[in-house]
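Take a look at the structure set out below.
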Amino acid sequence: MEIPTPTEGHSCCEEFARASGATRRGFLRGVGALGGAAAVTAVHGTAFTETAYAAAPVDRVLVVLSMRGACDGLSLVVPHGDPTYYLARPGIAVPKDRLLGADSFFGLHPALAPLMPWWTAGQMAAVHATGLPAPNRSHFSAMEELEDADPGSSARVGWLNRLVGRNGTGSPIEAIQFGGGVPVTALAGPEPVLVADDVDSVSLSGYWDAGSEAKRRSSLNRLWTGVPGPLGAGARNAFAVVDDFAPVRGSSPTPAGGATYPRYSDLGAALAAAARTIRADVGAEIITVDHGSWDHHTWIGSPDSGNLRTMADEFAACLAAFLTDLGTLASKVTIVTVSEFGRRVKENASQGLDHGYGNVMFLLGAGVRGGRYYGTWPGLQNTVDADLLVTTDYRSVLAEVVTQRFGASSAAVFPGFSPTSVGVVQPG
Amino acid sequence: MTPLSTLPPAPTQEQQSRRAVGRALAGGLAALAVAPALAGGVAQAAEAKKAPRKWHRCKVHKKHTCWHATTCKHRKHKPPKDDGGKDPKGPDDPGTPPPPQVPGSYDGPAVVDGLPTALALHVGSRFTYGVTPALVAEMAAYPSLQAWIDAQLQPAALPDPAGDALEGWWPALSWDAPRMWAEEQARNGAAWEAMSDYQRWCLLRRITSRRQLFEAVTELFEDHLHVPVHDDGVFGFRVDYGRTIRAHALGRFDDMLVATTTHPAMGISLDNATSTKKAPNENLGRELLELHTVGRGHYTEDDVKASARILTGYRVTTWSTWRVYYDPASHWTGPVTVMGFSDQNAAADGRPVTEAYLRYLAHHRGTAERLARKLAVRFVSDDPSPALVQHLADVYQQAQTAIVPVLRALLESEEFRGSAGLKVRTPSDDIVATWRALAVQPSAPGTDDAAANAILWQTVALGQAPFDWARPDGQPQDGAAWSSVSRVLASFDSHYSMCGGWWPKGSLTYRPLASWVPLSGTDTMRFDALVEHLSRQLLSRSASARLQEACGLATGLSASTKISLKSDLVKWNMPTLLTTVLDNPEHMTR
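Protein chains in written order, with the UniProt record's numbering: chain A, 1 to 428; chain B, 1 to 590.
Right, here's the structure in full:
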């Protein structure tokens, strides 16, 4: 017999599950729950009870896009009606006549052009001067604070973990992070989640036919059952999710609707994986993706070139491809962007911007009352350390999404916080 | 900081070993660590001076001894009653029993009957990139485990032919900045590849170098003072930056901080290289405080501004000549104050004030605690006790920021001895440890397929290429960060792929699969004896019952099955058996 190659496939897994009379998803869970000697029995086809339930298909999906590194909201959504903006940024301001979708006060950076079809169709909105309740200029601590979203508590549980926990079936497939490798704070907590680099990485190797697969799985279960610590949990999550994810792996990797994601873009790859997952309808309700770094201390640049333009181009092209890829499925997907803080009003010596405070949030897709700008404008100051002040707590925006779209309790997801109405998301 | 004079009296002659002092320090400082509201080192020291030197031992936390007669919380602890009364929770005891101390002695031999003692295995798992039969043989050549540690702490005196042999493998590592730029302009992507080569060189050093502890400590500081290898424009200086950290990794942190903060790679990465006095760029000034030294909570926004002003003047002419120079005309002058540091800063040449400022930061209590915690998280556990962190911070300050004394104190702590197996092996460490365990032999890389090059794609597939963390805070060191579903599955995949000898394949010699079976001719052995043999070879320990069962499940063989070189197992299923040993928590944790 030839030595099997490691690249051989996963398709036999389903075949084996059918042959053994077990459901695909019940198979591994049963083994995992029983373990040891019992597992040997199980893999030889004895009936067993399914111990956990896979996620059910969902009709609402939340995609959270984190613009890591603190993007400059004043460049992305320009307050052209505030004269201080131009005084403070002689080298990097975006001229009014270059803005897109402008109203009497705000306008979008020209790099967001690919998203204009959704803006004009009323499916994209911006909320300005949002942020944390108090300034926090540390990237790392501000991200923690923003994603934890529970200032009174020392428990490390992120807001998305609380959201998925409200009615969670305990399946890790309900909340997925694509890309990044390291779980983000927003997902941290007791509910199991899936953190994967891409679709294909959610697969088990090391077997070449149904018999060897069964042996492989039972031995891995023996190795990891009862192992304490995060890696034990990660391994058991992996065993639980690898079958549930088979429909996604089996789906076409070609984006739908002629969508083209930018090449070599981590954000594009993550959103393409997200679209594929949503299309396969395996029960993923929350998907997070990261886009960074927006930490532009130098050379914000002109409207046509520079660090910000490069990032904004990628951001817009990826989101436009994602919405195109989703097609009619976009009617169940709401996208919201967050960034840990905004940047200073005044440019620095390097035509860049140092760490500031208030920022913009974008919302796209289902339920968004789009084509306009939200928020209360605080007015800008032109001093060396002036910030865009925060007039809308970012949790008010997120709370509107989770209550209006997901029927969640704001108090459960954002403990101790009383949201104010923003009006950017409609019920339903 | 706590002066030495307030520490417990010296032990009696027969107790006088480094470890005894270490324990006394740890015990005594536990009390300091819980002083009300952490009122600051000075206040604690003063309090310690006033308190009568009367020792007590906590009746609950038996390891706790100190001389705080009135303020120690342990004074109130009563032993638990037999009727199951609640165990009072001490500040350094969250209620769960401490893990067992690994048996073994530093002063005794590291290896007994061919296997490392539990302590030697633990020390090896933490301070090398994987305990192998070769390492065990090396440890056995020293009179004691301590002697091996002492040798590792003086890497310059350790001949390292295997590590040295790597020097010529990647020519780009010797390019200076102008050469790098010329190569990049001649061929787009050359600089990116040069950085990839640097990552590969680091990985191969971790696999082959005899100076294992040095490599591990270097990695920690290169992550701490992180300059992402693919950050814009750093390529011309990044290799030298890594060598700069190597030069100080077992030296003093104050020297290291001066050398790295003023290094062009750091200046480019965090924008100080383009900062001017007119509008100083705050990026490095802030991260120096937040990430490299004292951490949040010690400084204000005004301190950040002053920090950035002090650092102005270190310039690099980027994207043209790559000239590195100090520009007095760019240096902000005028009085500066950052926390407790003040200077008139009147001279246009700001280098002396910069160095004084950096040394002030390096010696600061906040820096001591941050580094102490970082070392403890890398080498002890994800959540080291405040007492251990305080103790290591004390040692660091008393040693004038020297790193070796801190490592010694860490090794001597009971907490270290109680932490075996608690750390998750990071993905890149998993790859490195897998190469070491399988005893593969790479040769100089000629093509991209060569294993010494392909190893980088192995770490990319697991989500953690060296020094490629995009943010300036450096990659996380805790287990939760490296336990994602895709990491676990990718680890299994890489183990299997290497156990079969399938990939990486080029310029790499795998052991013949049959060589893992210690048989010749028509001899036979029981299957469980083979598993025991493999566990000793790959994991340097006796096979656990769990591993025995898992190997049985993976192969369908029973413990008593007779194995010969003609068995089906040996002929075609060895990859499955080997990967089962490596997919084991004992290989994926350390």
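Where a beta carbon is used, it is the ideal one built from N, C-alpha and C, also for glycine.
Thinking just about the alpha-carbon of each residue, which of the options is nearest to the one in residue i?
i, options, result
"Arg89/A", "Leu74/A, Asn237/A and Asp97/A", "Leu74/A"
"Leu267/A", "Gly258/A, Pro253/A, Thr288/A and Ala256/A", "Thr288/A"
"Leu557/B", "Arg216/A, Ser418/A, Ile92/A and Arg98/A", "Arg216/A"
"Ser153/A", "Gly234/A, Val424/A, Gly423/A and Phe417/A", "Phe417/A"
"Pro466/B", "His226/B, Arg211/B, Val102/B and Asp160/B", "His226/B"
"Asp271/B", "Ala270/A, Arg249/A and His296/A", "His296/A"
"Ala256/A", "Asp244/A, Ala272/A, Val248/A and Asp243/A", "Ala272/A"
"Ala175/A", "Leu135/B, Val485/B and His224/B", "Val485/B"
"Tyr360/B", "Gln400/B, Trp201/B and Glu532/B", "Gln400/B"
"Pro253/A", "Ile300/A, Asp198/A, Leu363/A and Arg222/A", "Asp198/A"
"Tyr86/A", "Val397/A, Leu380/A and Ala408/A", "Leu380/A"
Using only the alpha-carbon positions, how far apart do residue i and residue j sit?
i, j, result
"Leu582/B", "Leu530/B", "15 Å"
"Arg18/A", "Leu388/B", "Because Arg18/A carries a pLDDT of 34, less than 50, the predicted location of this residue cannot be relied on, and no value is offered for it."
"Ala110/B", "Ala188/A", "40 Å"
"Pro427/A", "Val338/A", "21 Å"
"Asp172/B", "Glu219/B", "In the sequence as presented, Asp is not what sits at residue 172/B; that position holds Ala. Each residue's Cα considered, the two are about 21 Å apart."
"Leu308/A", "Trp294/A", "7 Å"
"Asp254/B", "Arg246/B", "14 Å"
"Arg263/A", "Cys318/A", "10 Å"
"Gly226/A", "Glu193/B", "43 Å"
"Ala56/A", "Gly367/A", "22 Å"
"Asn573/B", "Pro192/A", "34 Å"
"Tyr496/B", "Ala454/B", "16 Å"
"Ser196/B", "Gly463/B", "15 Å"
"Arg526/B", "Gly446/B", "43 Å"
"Glu144/A", "Leu132/A", "11 Å"
"Leu108/A", "Pro419/A", "27 Å"
"Asn167/A", "Thr277/A", "20 Å"
"Thr260/B", "Phe379/B", "23 Å"
"Val217/B", "Ala249/B", "6 Å"
"Ala240/A", "Ser171/A", "8 Å"
"Tyr129/B", "His363/B", "30 Å"
"Asp354/A", "Thr391/A", "20 Å"
Return yes when the Cβ of residue j is within less than 9 Å of the Cβ of residue i, no when it is not.
i, j, result
"Lys277/B", "Thr333/B", "yes"
"Phe406/A", "Arg60/A", "yes"
"Val401/A", "Asp290/A", "no"
"Phe245/A", "Ala275/A", "no"
"Leu115/B", "Tyr106/B", "no"
"Gly418/B", "Pro103/B", "no"
"Ala420/B", "Leu392/B", "no"
"Gly306/A", "Ile92/A", "yes"
"Ser443/B", "Ala437/B", "no"
Under the criterion of a Cβ to heavy atom distance below 8 Å, does residue i qualify as lining the ligand PLP?
i, result
"Ala172/B", "Because no ligand of any kind appears in the structure shown, any question about the ligand PLP cannot be addressed here."
Which residues in chain C sit within 7 Å of residue i, going by Cβ to Cβ distance?
i, result
"Phe140/A", "In the displayed structure, chain C is absent; the protein chains listed are A and B."
Q: Evaluate the contact criterion for the stretch 531 to 545 of chain B versus the stretch 478 to 492 of chain B: three or more CB pairs, one atom per stretch, below 8 Å.
A: no
Q: Just list the alpha helix (DSSP H) runs in the stretch 66 to 140 of chain A, keeping only unbroken ones of 4 residues or longer that don't cross its boundaries, in chain order.
A: 73 to 76, 83 to 88 and 116 to 120
Q) In chain order, which continuous runs of the beta strand (DSSP E) of length 3 or greater are located wholly inside the stretch 277 to 317 of chain B? A) 314 to 316
Q.
So within the stretch 206 to 254 of chain A, which uninterrupted beta strand (DSSP E) runs reach at least 3 residues, ignoring any that extend past its ends?
A. none
Q) Counting Cβ pairs closer than 8 Å, one from the stretch 361 to 381 of chain A and one from the stretch 86 to 105 of chain A, do we hit at least three? A) yes
Q: Please go through the stretch 165 to 208 of chain A and give each complete beta strand (DSSP E) segment of 3 or more residues, from N-terminal end onward.
A: 175 to 178 and 194 to 196
Q. Just checking, does the stretch 108 to 123 of chain A make contact with the stretch 376 to 391 of chain A on the three C-beta pairs under 8 Å criterion?
A. no
(Q) Ignoring anything shorter than 3 residues, give me the beta strand (DSSP E) runs that lie fully in the stretch 485 to 528 of chain B, in order along the chain. (A) none
(Q) Does the contact criterion of 3 or more C-beta pairs under 8 Å hold for the stretch 326 to 342 of chain A versus the stretch 297 to 314 of chain A? (A) no
**Q.** Stretch pair the stretch 361 to 372 of chain B + the stretch 293 to 303 of chain B: three plus CB contacts closer than 8 Å
**A.** yes
Q) Taking contact to mean at least 3 C-beta pairs separated by less than 8 Å, is the stretch 488 to 502 of chain B in contact with the stretch 195 to 215 of chain A? A) yes
Q. Would you call the stretch 173 to 181 of chain B and the stretch 136 to 147 of chain B touching, i.e. three or more CB-CB distances under 8 Å?
A. no
**Q.** Any beta strand (DSSP E) of 3 or more consecutive residues that is wholly inside the stretch 343 to 387 of chain B
**A.** none
Q.
Under 8 Å: do the stretch 220 to 235 of chain A and the stretch 455 to 474 of chain B share three or more Cβ pairs, one atom per stretch?
A. no
Q) Does the pairing of the stretch 336 to 351 of chain B with the stretch 303 to 313 of chain B give three or more beta-carbon distances under 8 Å? A) yes
Q. In chain order, which alpha helix (DSSP H) runs of at least 4 residues are fully inside the stretch 413 to 440 of chain B?
A. 414 to 417 and 427 to 438
Q. Counting pairs of Cβ atoms below 8 Å between the stretch 230 to 241 of chain B and the stretch 504 to 515 of chain B, do you hit three or more?
A. no
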